[in-house]
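To keep things clear, I will list the structure first and then write my remarks on it.
Residue numbers (UniProt numbering): 1 to 553.
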C-alpha cells in the first residue's frame, strides 16, 4: 500500500493533467504528461501506463466518446489497462490524417481507427476528425486515388472501402448545400460505377439467397428465381485488436456507402417533368405533376445525424452497423439488442435508379466500362410499411409444432395470412402450422406490449417487453391518395437487419406472380434504407439501386 503522501501527489498530478486538456487542441495528446514524466524517476513511476493505467482511462474519457464502448463491450473488456494502447493508436491515426497525404503507408490503419471512432460518436469523436482535416483528405482521396481512370472500375480494397464509408459518414447537409455543380458532378461520376455495379463488388447477400429467406428452408419456391444471379466477392474483413479483444471486423459494403453518398448528391438535381401534359392519377398513367412536385420538395437522403434529436445517445444509431461489423463473433455482439422494434414501421420515400438495359448487359459481360454508361432511369418510390414480429415464446406456434429457425416455415404471401385484432396469423400449407405475429403500433412502434391477447386457438400466453424478437414480417403498399399501385411484403433478418422486400403490381393479385421486383438492403446509421433491387421475371436482365428515408410525420 502506497503512503498517503504519494497518493495525494499522484491525485494532484492526475487532476493537473486532466485540467490542462481543456486548454489544449482537441486532437492533441496531453501536452503536460510527458514533461511531468521526465521531471524525475519518481514522477515517471507515478504516471507511466504500467503503474497508473487508471490515469489513461480518465484521459480517454475526457478526449473521446465512451458510451458506445460501455454498451457494446462485455464488462470484462473495459479495464483500465486497455485504454493506453487505444489512446496511442488514436493519436497516431489523427496525426496521420492531419498530414493530408493520400499515399501515406499508414493511411489504411488511420482510416480504420477513424471508422471505429465514427461508429462510437456521441459528441467528441467527429470533432476530432474535422479538426485534423479528414473531410478535405477524403475529397482528395476520392478524386485522385479511388478514381483510377476514365474507363477503369474502382478497386475494392480495404483502404478504398474505408475511404468511401468515411466519405459518407463525414458528409453534412451544409457541405452538400455549399458544393459547386462541377464538384458535385465529378464526385457523382466517380461514385456511379460503385453504385450500379453490384455484381462486381461484395455485398452482404454473399452466401445468402433472398429467395431462400422469403420461401424458407427446403420449400417449393413461390417466386421464380431471378434470370441472373452473379457471384459477389466475399465481404471484406480486417483483423483488429480493440480493447484487448482480437477479432475480424467486417467492413461495410463499398456499394452501400457509395450508393447512399451518390443519392445525397443526386438530391440537388430536381426531377424534371416531361414537356407534355401528364395524365391525372385516376387514369393510371404513371407519375402526375403533383407527385413530381412533392418528390422534389420532400424526398431527400438524410445525412448521418449530428444532434441527439429523440436519441438518448447518438452512437445508438450506429449499433446495427456495429453488429454487422462484428458478425460471427458472439462475444462482441452479445451486449447489444439484436433488433429495434419499429425501425421500419412508417412511410418511406426516396428514389430508385436503374441503368439502361443495354448498359447493364454490357457491364455484366465485361464488354463495357464506367465511361460507357449512357444513362439511367430515375423513379420516385414511396410506400408505407408495417412490422409484424414473432416473439420467442410458446404462443408462436400451436402445440406440437416446431419453429427452431426463423426460416423453418416459408413466408407465405399475404393472401394466406389471417388478420387478427393485434396482429396476423400465418398459415403454412406444408406443415399445417399457424404462427402468430404481433403487429407493431404505428403511433408508437417501438413500444412493446406488456401482454398480447389473442382470440385465436394459439392461446393467451403473455408476451413481455424483455422477450426476444426472433422473426419479423413486413407488409405495405404504395403511399398514394387513391388505389395503391404496388403492394410489398417481405421480412427482416434479425441477426443483422437485412431487409428483403417483394414488390408487385396490386392489380395482378398476389397469387399470380408473372412479374415482380425484389429489394435487398439495410437501414444505415443515417436512417436511410439503401440497397439494390432486381426485376425478377422472364427476360429481365438488369438491376438497380434504391435509397429511401423515413418520412417525418
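Each residue gets a CB set at the ideal place from its N, CA and C atoms; glycine is no exception.
Own chain residues within Cβ distance below 7 Å of residue i, not counting five before or after
i: residue 104; result: 96
i: residue 267; result: 300, 301
i: residue 54; result: 80
i: residue 160; result: 146, 154, 254
i: residue 62; result: 18, 21
i: residue 26; result: 127, 128, 131
i: residue 193; result: 153, 154, 370
Residue i versus residue j - alpha carbon distance
i: residue 191; j: residue 134; result: 19 Å
i: residue 558; j: residue 524; result: Residue 558 cannot be examined here, being either before or after the span of the chain that is shown, 1 to 553.
i: residue 106; j: residue 70; result: 28 Å
i: residue 108; j: residue 360; result: 32 Å
i: residue 244; j: residue 142; result: 33 Å
i: residue 224; j: residue 438; result: Confidence at residue 224 is low in this model, with a pLDDT of 48, below 50, so its placement is unreliable and the value that follows should be read with caution. One C-alpha to the other measures close to 29 Å.
i: residue 44; j: residue 14; result: 12 Å
i: residue 469; j: residue 272; result: 44 Å
i: residue 176; j: residue 550; result: 20 Å
i: residue 72; j: residue 291; result: 43 Å
i: residue 122; j: residue 76; result: 23 Å
i: residue 618; j: residue 19; result: Nothing can be reported for residue 618: it is not among the residues displayed for the chain, which extend from 1 to 553.
i: residue 114; j: residue 248; result: 17 Å
i: residue 94; j: residue 28; result: 9 Å
i: residue 201; j: residue 380; result: 26 Å
i: residue 451; j: residue 392; result: Confidence is the limiting factor: at residue 451 the pLDDT is only 42, short of 50, which leaves the residue's position unreliable, though a coordinate-based value still follows. Straight-line Cα distance between these residues: approximately 13 Å.
i: residue 82; j: residue 320; result: 24 Å
i: residue 237; j: residue 12; result: 44 Å
i: residue 351; j: residue 265; result: 12 Å
i: residue 102; j: residue 158; result: 14 Å
i: residue 378; j: residue 233; result: 27 Å
i: residue 23; j: residue 386; result: 51 Å
Neighbourhood of residue i by C-beta distance below 6 Å, restricted to the same chain and skipping five residues each side
i: residue 362; result: 368
i: residue 195; result: 258, 259, 262, 545
i: residue 117; result: 125
i: residue 479; result: 347, 382, 383, 384
i: residue 324; result: 496
i: residue 68; result: 120, 315
i: residue 33; result: 17
i: residue 376; result: 353, 355
Residue nearest to residue i in terms of C-alpha spacing, selected from the options
i: residue 486; options: 249, 383, 439; result: 383
i: residue 57; options: 72, 17, 275, 289; result: 17
i: residue 322; options: 29, 522, 25, 42; result: 522
i: residue 185; options: 269, 358, 34; result: 269
i: residue 533; options: 63, 198, 60; result: 198
i: residue 9; options: 23, 52, 31, 148; result: 52
i: residue 65; options: 86, 366, 295, 350; result: 86
i: residue 552; options: 88, 298, 178, 364; result: 298
Nonlocal neighbours in the same chain, by C-beta distance under 8 Å from residue i, ignoring five residues either side
i: residue 260; result: 168, 301, 524, 526, 528, 530, 547
i: residue 163; result: 111, 138, 141, 142, 145, 146
i: residue 388; result: 423, 424, 437, 438, 439, 440, 472, 473, 474, 475
i: residue 151; result: 369, 370, 371, 372
i: residue 306; result: 126, 172, 314
i: residue 136; result: 100
i: residue 98; result: 27, 132, 133
Reduced DSSP category for residue i - H, G, I as helix; E, B as strand; rest coil
i: residue 164; result: helix
i: residue 153; result: coil
i: residue 242; result: strand
i: residue 388; result: strand
i: residue 420; result: coil
i: residue 201; result: coil
i: residue 133; result: coil
i: residue 189; result: helix
i: residue 468; result: coil
i: residue 425; result: strand
i: residue 289; result: helix
i: residue 38; result: coil
i: residue 221; result: Only weak support is given to the placement of residue 221: the predicted model assigns it a pLDDT of 46, under 50, and the question is left unresolved by the model.
i: residue 173; result: helix
i: residue 547; result: strand
i: residue 180; result: coil
i: residue 348; result: strand
i: residue 473; result: strand
i: residue 102; result: coil
i: residue 237; result: strand
i: residue 516; result: coil
Cβ separation of residue i and residue j, assumed to be a contact under 8 Å, to the nearest whole Å
i: residue 303; j: residue 172; result: 6 Å
i: residue 492; j: residue 287; result: Rounded, the Cβ-Cβ distance is 29 Å, inconsistent with contact.
i: residue 434; j: residue 425; result: 5 Å
i: residue 341; j: residue 498; result: Not quite, the Cβ-Cβ distance comes to about 17 Å (not below 8 Å), so this is no contact.
i: residue 252; j: residue 165; result: 5 Å
Check: residue i C-beta below 7 Å from any heavy atom of the ligand NAP
i: residue 288; result: Among the components modelled here there is no ligand, and therefore nothing to report on the ligand NAP.
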